[in-house]
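Structure, as structure tokens:
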Amino acid sequence: MMNSSIGCLAKSPEYQSFRSTIAQRKVAIDNKSENWVIYDAGPRSVRSPLIFLPPASGSADVFFKQIVFLSSVGYRVISVEYPSYWTHAEWTEGFKKLLDTLQLDKVHLFGASLGGFLAQKVAESTHINPRIHSIILCNSFSDTSVFTHNAISSTFWLMPSFLLKRIILEGFNDDIVDKDVADSVDFMVERVEGLKRSQLASRLKLNCSDSYVEPQKLNDVIITIIDVFDESALSQNVKEEMYKCYPNSRRAHLKDGGNFPYLSRSVEVNLYIQIHMRQFIGSRCSAVAPEFERDLDNVQTELENQLRENSNSSSNG
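Using numbering that gives the first Met the number 0, read the sequence shown as starting at 0 and increasing by one per residue.
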């Protein structure tokens, strides 16, 4: 595992179909030398889509399993990969300008790890004039002080690529028996290898610079927290702090799945996303086109049946 050859997920028919059918788009913001990279799928008539924010190690395509499924049942979903921003304030301003450029109203966010922290920060910064209606936090955190590299965060911009990659990969578990989890790690390693030095350094800076979320500013944001019970980069204490920040949040627990359950346990994650997003159907902030709404009960039932079949197969195996 963790080699430079193309892994199973990158060669899978589902990923190849995603890359061939959903166009990658580049959006220039702030006259930066780098662009935002987005995949925008589903009905363009929807003005409050679900936007996916990747972890420090990820690119916009790491959510391909969610993009393919959700867009097929009527949701508008956008996955983004951001250019180099060196402060949280700079990133949130850039993201708000992206929303303006795409002419979007209040949106829903799915954030994984650092992506979840940034989702909270943009909701915090827009609490007076809200732009974020709801957030799904996956293996995320509310305070960057939990990371061991805080003391050297100001030096990341000086480091060579190989050292930055090594720091990111420290959080990856390379002693994995479960094939789906192992494949998810291999896929993410490939994504890390494809990141530029400036992207690696700026993401580590965002991940490790001292900062925390003021949860009282997110009181009007509807939140679901997705966590895994097996080994991940985040400790149980970090997860407990998240629960304390958002005592009224919905909690979705996965028995296992590692750091990247949206890849390794996509059926479960897609089901939890569906449950979270259904509460907005019929409202101004619905992320699904009206003509698809009546079919969503069947979609959820199919997901539950698939999850049950997967569970039975695992127990029989």
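Glycine is no exception: its CB is placed at the ideal position from the N, C-alpha and C atoms.
Residue from the options whose Cα sits closest to the Cα of residue i
i	options	result
L266	L168, L253, R277 and S124	Checking the displayed sequence, the identity of residue 266 turns out to be Val instead of Leu. Taking only the C-alpha atoms, the option nearest V266 is L253.
I66	P48, A55 and C207	P48
I77	L103, A88, T91 and A55	L103
C7	I135, S141, E189 and D99	E189
P82	L52, I167 and P12	L52
I225	S153, Q23, Y242 and S11	Y242
P129	D219, N304 and T86	D219
G115	L101, L98, H87 and I127	H87
R46	R293, Q305, R307 and S282	S282
Where the beta strand (DSSP E) through residue i begins and ends
i	result
G110	V106 to A111
V227	I221 to V227
F140	That residue, F140, is in no beta strand (DSSP E); it is neither H nor E in DSSP.
D39	W35 to A40
Local conformation of residue i per DSSP, three classes
i	result
R339	Nothing about residue 339 can be reported from this structure: the residues present for the chain run from 0 to 316 only.
L98	helix
S234	coil
K254	coil
K10	helix
R23	The sequence given here places Gln at residue 23; Arg does not occur at that position. Of the three classes helix, strand and coil, the one that applies to Q23 here is strand, per DSSP.
F51	strand
S327	In the structure as shown, the chain begins at 0 and stops at 316. Residue 327 is therefore absent and cannot be evaluated.
T300	helix
Y84	coil
I274	helix
R43	coil
Y242	helix
V72	coil
S58	coil
Nearest-angstrom Cα separation, counted from residue j out to residue i
i	j	result
K204	T125	22 Å
K216	Y245	11 Å
V145	S234	9 Å
N269	I50	14 Å
E89	F259	27 Å
D296	I280	12 Å
F161	S201	15 Å
G257	Q23	28 Å
L113	T91	13 Å
S16	N172	29 Å
T100	S19	25 Å
Beta-carbon spacing of residue i, residue j below 8 Å
i	j	result
I222	S197	no
C137	G170	no
A286	M276	yes
Y14	G41	no
I131	A122	yes
L302	Q273	yes
D29	K96	yes
E33	A59	no
D255	V212	no
V72	F140	no
S208	T154	no
S183	S56	no
Y261	K64	yes
H318	S70	Lying before the first or after the last residue shown, residue 318 is absent from the chain, which here runs from 0 to 316.
Minimum Cβ-Cβ distance from residue i to chain D less than 8 Å
i	result
L262	Absent from the structure is chain D; it holds one protein chain and no more.
Span of the alpha helix (DSSP H), counted from its first residue to its last, around residue i
i	result
R323	The question about residue 323 has no answer, for the chain in this structure spans 0 to 316.
F186	K178 to E192
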